[in-house]
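Undergrad: Just so we're aligned, residue 4 is where the sequence shown starts under our numbering, counting upward by one.
Let me begin by handing over the structure; questions about it come next.
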Amino acid sequence: MLNQRWTRLSLQIVELYQELDRDVAAFAVQSGMRCPSGCGACCRSPHVETTVAEMLPLALLLFENGEVESMLERLEHGPVTCTQYEAVPGHPDQGRCLNYAQRPVLCRLFGFMGSRDKAGQSRYGACKVLQTIAADRIEAVDADVKTGAMDIPLLIPAHERIAEIGGPLGTDTLPINQALLRAIEIVGLSQQLEDLGAEESREAL
Ligand code: SF4
Ligand code: SF4
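Have a look at this one:
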């Protein structure tokens with residue numbers, strides 16, 4: 004029952020992820036912005052933060068696939084940066100996300116998102132890599148975003164949606180590895196309570 008609750012919540016989060024992916028894809032087509040193949044520079048940042056709610060889809064998948072122990076090991080002994088990142092040996096900025104489909108909001112929007120300035124106008128915030136390789140286009144894209152000629156996904160409203168869906172688990176952000184650990188603990192505890200409840204029900208028969 005308890006994990007049904009997390010599964011329902013996770014499904015709502017995944018629906019939001021799909022919506023954000025569509026928005027990012029539309030912005031990428033309109034703006035012509037594209038990550039260079041194999042780039043993983045943003046995944047090396049020690050500042051990737053997410054809410055616990057956003058990590059529930061991955062936590063549930065790990066339980067489903069029996070991969071919790073290996074992930075806990077990775078979280079305990081892995082780097083302080085995201086443990087989901089696997090770099091190409093000798094090329095730290097090149098790599099892949101081991102759980103790309105379950106990555107949280109910031110990872111979906113990074114490089115392709117906007118924010119509102121004090122006047123309430125949207126502004127494009129490209130990552131450093133895109134600022135370098137697409138320097139000639141950034142200004143024009145930003146101008147179109149500013150005038151509203153181009154739609155851009157916005158980070159704060161996406162986080163507000165997460166807070167609506169996840170309640171307390173969707174409000175505070177933590178470094179991504181800590182958020183994943185917390186999500187695993189929550190799902191694991193729920194699983195234990197479910198098992199205990201099932202056992203007690205059997206004994207009562
Ligand atoms: S968002 Fe920027 S740093 Fe991240 S993969 Fe794309 S180009 Fe690379
Ligand atoms: S979850 Fe994936 S996309 Fe996000 S920082 Fe980690 S490796 Fe990168």
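Cβ coordinates follow ideal geometry from the N, Cα and C atoms, glycine included.
Going by beta-carbon coordinates alone, are V144 and L63 separated by less than 8 Å?
TA: Not in contact: V144 and L63 (Cβ atoms no closer than 8 Å).
Undergrad: Mark R119 as exposed unless 16 or more other C-beta atoms lie within 10 angstroms of its C-beta, in which case mark it buried.
TA: So R119 counts as exposed.
Undergrad: Among A201, G41, Q7, C46, whose alpha-carbon lies nearest the alpha-carbon of F113?
TA: Nearest of A201, G41, Q7, C46 to F113, Cα basis: C46.
Undergrad: Between which two residues does the beta strand (DSSP E) carrying T53 extend?
TA: Run containing T53: 52-54, per the beta strand (DSSP E) assignment.
Undergrad: Which residue comes first and which comes last in the beta strand (DSSP E) that contains E89?
TA: From DSSP, the beta strand (DSSP E) with E89 extends over 88-91.
Undergrad: When you compare only the Cα positions, how much space is there between M74 and L65?
TA: Approximately 8 Å, taken between the alpha carbons.
Undergrad: Put C42 into one of helix, strand or coil per three-state DSSP.
TA: Reduced to three states, the DSSP call for C42 is strand.
Undergrad: Going along the chain, which residues of its own chain have a beta-carbon closer than 7 Å to the beta-carbon of M116, five neighbours each way excluded?
TA: Excluding sequence neighbours, M116 sits near G128, I155, P156, L157, L158.
Undergrad: Just reading off the beta strand (DSSP E) that L177 is part of, what are its end residues?
TA: Looking at the DSSP string, the run of the beta strand (DSSP E) that includes L177 is 176-178.
Undergrad: With a threshold of 16 other CB atoms inside 10 Å of the CB of Y88, please say whether the residue is buried or exposed.
TA: When all chains shown are included, Y88 counts as buried.
Undergrad: With respect to 7 Å, is the separation between the Cβ of P215 and the closest non-hydrogen atom of ligand 1 below this value?
TA: A question about residue 215 goes unanswered here, because the residues of the chain that appear run from 4 up to 208.
Undergrad: Measuring CB to CB, does G98 end up less than 8 Å from G43?
TA: Their beta carbons are under 8 Å apart, which means G98 touches G43 by this criterion.
Undergrad: Relative to the C-alpha of H50, which candidate in T135, P82, Q134, G173 has its C-alpha closest?
TA: The candidate whose alpha carbon is nearest that of H50 is P82.
Undergrad: According to the neighbour-count rule (16 or more other Cβ atoms, all chains shown, within 10 Å of its Cβ), is R25 buried or exposed?
TA: The residue is exposed, with fewer than 16 neighbouring Cβ atoms inside 10 Å.
Undergrad: Looking only at its chain, what residues have a beta carbon closer than 8 Å to the beta carbon of L109, apart from the 5 residues adjacent to it on each side?
TA: Excluding positions up to five away in sequence, the list reads V51, E52, T53, L158.
Undergrad: Please report how far the alpha carbon of Q181 lies from the alpha carbon of G173, in whole angstroms.
TA: About 14 Å.
Undergrad: Which residue's Cα is closest to the Cα of Q3: F30, L59, E70, L23?
TA: Residue coverage of the chain in this structure runs from 4 to 208, which leaves residue 3 outside it and unanswerable.
Undergrad: Please report how far the alpha carbon of P160 lies from the alpha carbon of E22, in whole angstroms.
TA: When rounded, the distance between both Cα atoms is 13 Å.
Undergrad: Mind checking L199: buried by the 16 CB within 10 Å criterion, or exposed?
TA: So L199 ends up on the exposed side.
Undergrad: Can you find a CB in chain B that lies within less than 8 Å of the CB of K131?
TA: Among the chains of the structure shown, chain B does not appear; only one protein chain is present.
Undergrad: Could you give the distance in angstroms between the alpha-carbon of S193 and the alpha-carbon of S34?
TA: Each residue's Cα considered, the two are about 44 Å apart.
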